[in-house]
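Below is one structure, written out as structure tokens; comments come after it.
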Amino acid sequence: MANSHQLKRVDFIFRNENDWEKILSNTIKKKPEELVNELMSSELKGRGGAGFPTGLKWKFTAEAKSEKKYVICNADEGEPGTFKDREILSRVPYKVLTAMAVCGYVTGANEGFIYLRGEYKFLQPELKKAIDEFEYYCNEIEFDFKISVFMGSGAYICGEETALMESMEGKRGEPRNKPPFPSESGYLGKPTVINNVETLVHTFTIFKYGAKKFYDLGVQYSRGTKLFSVSGDTPKPGIYELELGMSLQDFVYEFGDGDTKSVQVGGASGFLVPRKKFKDAAIGFKGKLRGISLPTGGSMMLFNSSRSMFNVLDNYLEFFREESCGQCTPCRVGCQQLLLGIKAVKRGDKPAAYLDKLIRLTETMQYTAKCGLGQSVANSFSSIVENFREEMIY
Amino acid sequence: MQGVVERESFLSEHSMVEIAREIEIPAADVYGTATFYSFLETKPTGKFIIRVCKTITCAMKGKTQVLFAIQDMLKIKMGDTTPDKRFTLLETNCLGWCHKAPAMLVNDDVYTELTPEKVRDILTKYMDKNGNFHN
């Protein structure tokens, strides 16, 4: 279709490169401060969805005073509609391992963990083989860094960084209060860097090609590239690496099936954008001057006109209700009530105006819930109810 | 606990109490942790646990038909175990195979782009593997 020229495909992450040994040995010859500065000037932001500047994260942990520090690679990818991390770990594991080791070098940690979600257990043998080879090389160049794999056990909330650490310590995966942030007190109370799989691979790209190359891609505030997991009503589902800052309209030209009604950006905890707003929406982090900017962990789900948005929302809420850890009341009770609420409106037991009440409930959850899960229910709920109110009622 | 589940397929009351005694914490804490995770079963399960993804993309792409096919073939309902203790059928949240929906796990093995026909073939294989009946 026309106009797809604005969508810029890139190929960094899955580029087949066998030079990780060279990159590792060259990178750790540089000073840690130099590497942190390199990361900061690239303006790389966390690719898990929250978008915290990676350079800062490493800097804080490097500055924390402690004998023992840790590096964790967050591979507990559970957001509906994302599957990029699995692909990275199975296709280019050495890039992730190298990035973890460099992170260890910068921050002064000599131990790293990969927290792999239980659903991806079949990846474990391959990954262990890669780690063995990697550690062998580290020994050869007398670089002290150990990596082990920690298996999750099927809990969405453990993708939240502090919940993940609780889970690693053998407890219920309930998020902690912040502050203190992991950079001060993380796994076992020690300073910890925790990065998404994709973020780590981007640092590899930056250390290899330089910050400038990365910075030149994307738009202001949203630099570099991002992996997108495309699914739903599309003729070509799969994983694509694209430059940040594209408009949703261009995205739909490329991936839509010609009948796209709406796109869910950022998975169940993200926003739903209806067709009439495609033009105004750009994919990237907040801070663009005009239009809506949508941050994303990379999940893009397309819905065509045969889908009922009520069913979609119903499915999301069911998901949240089950995956809420139950620790804080707004989220535990809120998710249940939202689900009951939309069903009551659909049945006609409650008037349509009840939907506004439910939206206010999500606003309350946004302010009062302890972690990202409860806070982000409001995103999908209000964006679906506001744009497809009719479908909720009739 | 993951070790116990691997060997015995679920955490019995007995093993939870043992774990608690071993690391000197209340048994309630062990139970609390076990029930938090969907992959740590506290009820007896079959040898093969079938987990069908029910999250949005799989739901859109025909999960229900696949589920009917499984239920019809094994003659069990959601959450049940076959009388011969071979299969347990469960639903689960997003497995991360949305681009190849619908998807399911049988223990640690992934099956994607399922259809009722395909799922029947897969289950038949699991029956064969163990010299069990097949239709």
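Chains A and B, in that order, give the protein sequences.
Going by numbering that gives the first Met the number 0, the first residue of the first sequence is number 0, and it counts up by one from there.
Going by numbering that gives the first Met the number 0, the first residue of the second sequence is number 0, and it counts up by one from there.
Just so it is clear, CB atoms sit at the ideal spot from N, CA and C, and this is done for glycine as well.
- If you check the CB distance, I49/B and L89/B come in under 8 Å.
- With a contact defined as Cβ atoms closer than 8 Å, C102/A and V148/A miss out at about 17 Å.
- Inter-residue distance for E317/A and P174/A is about 20 Å (C-alpha atoms, whole angstroms).
- The shortest CA-to-CA distance from S298/A to any of Y239/A, M391/A, G244/A and N314/A is the one to Y239/A.
- Taken through DSSP and simplified to helix, strand or coil, I12/A comes out as coil.
- The stretch 241-248 of chain A makes contact with the stretch 4-15 of chain A: 3 or more CB pairs, one atom from each, lie closer than 8 Å.
- The three-state reading of DSSP puts A49/A in coil, since its state is none of H, G, I, E or B.
- Under DSSP, T91/B shares a beta bridge with C52/B.
- The stretch 252-259 of chain A makes no contact with the stretch 190-199 of chain A, as fewer than three CB pairs between them are under 8 Å.
- Remark: C-beta atoms of C52/B and T91/B approach each other more closely than 8 Å.
- Approximately 17 Å separates the beta-carbon atoms of H98/B and V251/A; this is outside 8 Å, ruling out the contact.
- With a cutoff of 8 Å on beta-carbon distance, L39/B and M0/B are scored as near each other.
- DSSP places M77/B in no beta strand (DSSP E); its state is neither H nor E.
- Along the length of the stretch 355-381 of chain A, whole beta strand (DSSP E) runs at least 3 residues long do not occur.
- Under DSSP, the beta-bridge partners assigned to V192/A are V70/A.
- V95/A carries a helical assignment under DSSP once its states are collapsed to helix, strand and coil.
- Against chain B, a Cβ distance below 7 Å from K120/A picks out D107.
- For T56/B, the chain A residues whose C-beta falls within less than 8 Å of its own C-beta are P79, G80, S230, G231 and M300, listed in chain order.
- Non-local beta-carbon contacts of S182/A in its own chain, meaning distances under 8 Å to residues more than five positions away in sequence, involve K56, F59, T60, A63, P190, T191 and V192 in chain order.
- Around the Cβ of I140/A, a 10 Å sphere holds fewer than 16 other Cβ atoms; the residue is exposed.
- Listed in chain order, the non-local C-beta contacts of P236/A below 8 Å within the same chain comprise V229 and S230, local neighbours out to five positions each way being set aside.
- In the DSSP annotation of this structure, the continuous segment of the beta strand (DSSP E) that includes I238/A starts and ends at G237 to E242.
- The DSSP-derived three-state label of L316/A is helix.
- Residue contact check for F9/B against chain A: no CB pair falls below 8 Å.
- The stretch 161-180 of chain A makes no contact with the stretch 14-34 of chain A: fewer than 3 CB pairs, one atom from each, lie closer than 8 Å.
- Leaving aside the five residues that flank L360/A on each side, the residues in its chain whose CB is nearer than 7 Å to its CB run, in chain order, G333, Q336 and L337.
- The C-alpha of L122/B is placed about 9 Å away from the C-alpha of L73/B.
- At a beta-carbon threshold of 9 Å, the residues of chain B lying near F318/A are K53, T54, I55, N92 and C93, ordered along the chain.
- When only Cα atoms are considered, G2/B and S379/A end up about 38 Å apart.
- For F270/A, the enclosing beta strand (DSSP E) starts and ends at F270 to P273.
- DSSP links F254/A through a beta bridge to no other residue.
- Note on geometry: alpha-carbon atoms of A19/B and H13/B lie some 10 Å from one another.
- Three or more beta-carbon pairs separated by less than 8 Å link the stretch 265-282 of chain A to the stretch 361-378 of chain A, which places the two stretches in contact.
- Interface annotation, S14/B: not in contact with chain A, CB-CB separation never under 8 Å.
- L39/B reaches chain A at S152, counting residues in chain order whose Cβ is nearer than 7 Å.
- Scanning E389/A, E362/A, L312/A and E125/A for the CA closest to the CA of P350/A turns up E389/A.
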